[in-house]
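Quick notes on the structure that follows.
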Amino acid sequence: MKQNGLEKTLAVVLGGTMVAAMTVSSPAQARDTKVALGIGSSYEHYSRSYDSDERAVQDGASDSPVESDETPRADERYNRLRITPLIALTNQSARDVLSLRYSPSLRYDEESGDSDIDQNLQATLSYALTRDWDVRFGESYVLTDQNIRSDFGRGTGADGGGSASGDQLSDNEGLRRYWKNDLSFSTTYRYWEDSSFSLGYSLGHLTHTDVPATSRYEDYVRHGATLGVGHRLSSVWRLSATGGYTRGLFEEAEQSGSDGQADGGGEVAVDNDLHEFRASTTLESSHFEHHLLTLKYGFTGVEYDDVERNATTVHDLTAGWQWQFAQDTSVYLGAGPSYSKAEEQEGNWGYNATASLRYTLERSTFEASLAHGYDVQNFTGTDESGLREYWQSRLDFSHQLIKDVSLKMFTYYRNEDQEDVTAQRAAATGDGTATDGQEPAITYETTTFNRERFGVGTSLGYTFARWYSMGVSYDYLVQDSEQKDDSYDEHRVVVSLSMEMDVFNWQ
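In this text, residue positions in the sequence shown follow the working numbering: the first is 614, and each later residue adds one.
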């Protein structure tokens, strides 16, 4: 997961992309190739102020074997000017599509005088082996220090399932520089009308290159395999099932000024390596026109390599109803029981529920969603992992003011109770030391803390002269947490001007 690993991964990816490009460029088929060039400039203001009067530190934190740093976390702020060139390639035929998009960016911070280069590479290749069988390769590489806050992205799926089922990078520990590389492969075979079988594999790397000394950021290597089947039983009934296995390998991120020695203060390192299992099956009925009824069962299970850490399982059963009562208006309602259990602890019964509404007018779209449920998130980029119970709501509104001017607004709220490992100690063996040269067994203490987030944002976009676009956006987030140095308010303003133009187009 160090820099040499990055170089090897990029070499494989770029080499494979070149081979794929040459392979699909066969003159046997008519091809359409487009090359676009562009450049963008932006001004970015960001500020985060931590709450000096925090609500409370976790219960039992004073008993932790590791003394906490009593110095409050420093506020963060930057004012950046950014220049971003762009090159994009699209090469397609009747059977395949190759897409490459590369946009490095040079940024300069007016306040600190620092400058650096961020990287962003996206590549996809889709190829139809036959009329009913296709494969897809994907590659994404990002090098940046910008915060990733998935909360402000779409929180609900098409069916209104507003869980946080996908693990997302967290920025609760503040700014840091990292690179993230994700490689994926999938294949789908359609064997019957509205019936298909799919397989997938993904490999993900996350490596931090510069993190604060007191942060809890983690690096990881992530291997994932998925399997899916969807079968049309009749014109009314459809059954689908998916399964996934993920292997996660973690290590503490190298901190600023670190000499690379682990466990420097005699602290016992946490082993977060794990196996994660996810599965679901859904029965759909379209017996009533414009009404889709669903019954879904979902399972999530996590097992840690460290036998002293409790395995966790979550079961969900959800009955759903989707009503398309107008061409541009739909509503979804879903609810059911949930059961979560940690190994060697009593299980807990709860519920999952989702409601969403989408309403579209000629020039406007309104979306609203509410959700409650349980999930396990492990690949957040920090050592926070485990079971979360969440309540979430979101409102989105978009409006086309005039032909080339659009307005977007949103508001978002999330409340979650999350398990956290607060301490790890050597198990008692008389004098509490290792015997026979063996490392002592480790015991873990966990607690549950609450975290609330509220955010609002708006953006205004203008396109002109075919190739040009301007934009201005503002986001505000306030977070209130029972964790230390985890309550803050945040402002972000971005003003941008960009141009993207097709320079080559040949067949």
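Glycine residues also receive a C-beta, built at the ideal position from the N, C-alpha and C atoms. Given the structure is predicted, the values throughout are model-derived calculations rather than measurements.
Neighbour-count burial assignment, residue i, 16 or more Cβ in a 10 Å radius
| i | result |
| --- | --- |
| N885 | buried |
| N832 | According to the sequence provided, residue 832 is Asp. The question's Asn does not apply to it. With 16 or more other Cβ atoms within 10 Å, it is buried. |
| S728 | exposed |
| Q1120 | exposed |
| V915 | buried |
| S953 | buried |
| V1116 | exposed |
| S665 | exposed |
| V927 | buried |
| T743 | exposed |
| S977 | exposed |
| E1103 | buried |
| K1016 | exposed |
| G773 | Because G773 carries a pLDDT of 41, less than 50, the predicted location of this residue cannot be relied on, and the following value inherits that uncertainty. Burial call: buried. |
| D918 | exposed |
| D941 | exposed |
| E1095 | buried |
Bridge-paired residues (DSSP) for residue i
| i | result |
| --- | --- |
| N961 | S953 |
| Q990 | G999 |
| R686 | According to DSSP, which records beta bridges pairwise, R686 is partnered with nothing at all. |
| S893 | T855, G911 |
| L719 | I696, I730 |
| T940 | Residue 940 is actually Gln in this sequence, not Thr. BP columns for Q940 are empty, so no partner. |
| L1097 | Residue identity differs from the one stated: residue 1097 is Lys in this sequence, not Leu. DSSP lists no partner for K1097. |
| L644 | For the record, residue 644 in the displayed sequence is Arg; it is not Leu. R644 pairs with nothing; no bridge assigned. |
Whole-angstrom distance between residue j and residue i, CA atom to CA atom
| i | j | result |
| --- | --- | --- |
| A939 | S712 | 36 Å |
| V1107 | Y659 | 9 Å |
| D1065 | F890 | For clarity, residue 1065 is Glu in the given sequence; the question names Asp instead. For E1065 and F890, the distance between alpha carbons rounds to 28 Å. |
| N733 | G751 | 14 Å |
| E1113 | G651 | 4 Å |
| G856 | S725 | 48 Å |
| L1110 | I700 | 17 Å |
| K647 | F798 | 24 Å |
| G843 | A736 | 28 Å |
| P950 | T931 | 7 Å |
| E997 | T925 | 14 Å |
| S783 | A643 | 45 Å |
| E786 | L905 | 42 Å |
| D731 | S718 | 5 Å |
| Q935 | Y910 | 17 Å |
| G841 | A981 | 29 Å |
| L583 | S753 | Because the chain spans 614 through 1120 in this model, residue 583 falls outside it and cannot be assessed. |
| Q759 | R845 | 44 Å |
Nearest-angstrom beta carbon gap, residue j and residue i [assumed within contact, 8 Å]
| i | j | result |
| --- | --- | --- |
| D745 | Y804 | 7 Å |
| R695 | E657 | 6 Å |
| T907 | G933 | 4 Å |
| S1086 | Y1075 | At roughly 12 Å, the Cβ-Cβ gap does not stay under 8 Å, so S1086 and Y1075 are not in contact. |
| T1061 | Q1031 | 7 Å |
| R686 | D1098 | 4 Å |
Taking contact to mean at least 3 C-beta pairs separated by less than 8 Å, is the region 981 to 999 in contact with the region 947 to 964? yes
contact_flag[the region 1001 to 1010, the region 792 to 812] where n(CB pairs < 8 Å) is 3 or more: no
Should the region 836 to 853 be called in touch with the region 897 to 909, which here means at least 3 C-beta pairs below 8 Å? yes
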